[in-house]
Structures are given as C-alpha cells and as structure tokens.
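Peer 1:
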Amino acid sequence: MFSIEHDFDATTVTLVDESGPPFQEDVIVNTFDDCVTVSQFDARLGENRTITLSLGQVRDLFAAMDLPEGVYKLKGPER
Numbered sequence: 001m002f003s004i005e006h007d008f009d010a011t012t013v014t015l016v017d018e019s020g021p022p023f024q025e026d027v028i029v030n031t032f033d034d035c036v037t038v039s040q041f042d043a044r045l046g047e048n049r050t051i052t053l054s055l056g057q058v059r060d061l062f063a064a065m066d067l068p069e070g071v072y073k074l075k076g077p078e079r
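Shown next as structure tokens:
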C-alpha cells in the first residue's frame, strides 16, 4: 500500500510494507526540484535515517531495474 501527497515544494510518497511479518518500517520518498530523499525509521537507533539522491542517480536507479549485471553509463544531458 502507498499514499501520495502533493505539497507546494515536494511530492511525498509513503510506502507501507504489507508483505507479512516481520514488517519493515514505512519508507518515505520526497521528490523536490533538485533531489529525492528516501527515509525510514531505524528501530535499532530510534531515529529516522535519510539518504539523498540526485536526479541523475534516480534516473540511473530506474534504468538499472531492467538491465543485467554490468557497468553502464546512460547517454543524455550532462549532469
């Protein structure tokens, strides 16, 4: 299950794990004009952990989902 919220400066997607116990914490994806953040609560540390991806990294991640093992460089606009 997931939810989508549009704010004036970001779009937030929240992914809820329904795959069965043990459930993972919700994953929150915020998309901004210049980056994407992915955060999840870490119960071991008792805090949210966040990573930031550039738009180029997000593009590469989506491309990698459909490619076999290897090293790639996508053609396109310079980053």
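When we follow the numbering used here, the leftmost residue of the sequence shown carries the number 1, and every step to the right adds one.
Think of the CB as a built atom: it goes at the ideal place given N, C-alpha and C, for glycine as much as any other residue.
In this text, all values refer to a predicted model and were calculated from it rather than measured experimentally.
Would ASP26 pass as a contact of VAL16 if the rule is Cβ separation under 7 Å?
Peer 2: Cβ atoms of ASP26 and VAL16: closer than 7 Å.
Peer 1: Where does ASN30 land, buried or exposed, given buried means 16+ other C-beta within 10 angstroms?
Peer 2: Buried, by the Cβ-count rule.
Peer 1: For the beta strand (DSSP E) containing VAL27, name the first residue and the last one.
Peer 2: Taken as a continuous stretch (DSSP letters only), the beta strand (DSSP E) holding VAL27 covers 27–31.
Peer 1: Report the residue from PRO21, PRO22, PHE32 whose alpha carbon sits nearest the alpha carbon of ASP7.
Peer 2: For the residues PRO21, PRO22, PHE32, the minimum Cα distance to ASP7 belongs to PHE32.
Peer 1: Can you tell me whether VAL71 is buried or exposed, with buried defined as 16 or more other CB within 10 angstroms of its CB?
Peer 2: Looking at its Cβ environment, which holds fewer than 16 other Cβ atoms inside 10 Å, VAL71 is exposed.
Peer 1: Leaving out five residues on either side along the sequence, give the residues of the same chain with a beta carbon under 6 Å from the beta carbon of THR36.
Peer 2: For the sequence presented, residue 36 should be read as Val rather than Thr. Cβ neighbours of VAL36 beyond the five flanking positions: LEU53, VAL58.
Peer 1: CB ALA64 to CB LEU74, shorter than 7 Å?
Peer 2: No, Cβ-Cβ distance for ALA64 and LEU74 is not below 7 Å.
Peer 1: Considering just the uninterrupted stretch of the alpha helix (DSSP H) at ARG59, what are its terminal residues?
Peer 2: Where ARG59 is concerned, the enclosing alpha helix (DSSP H) stretches over 55–64.
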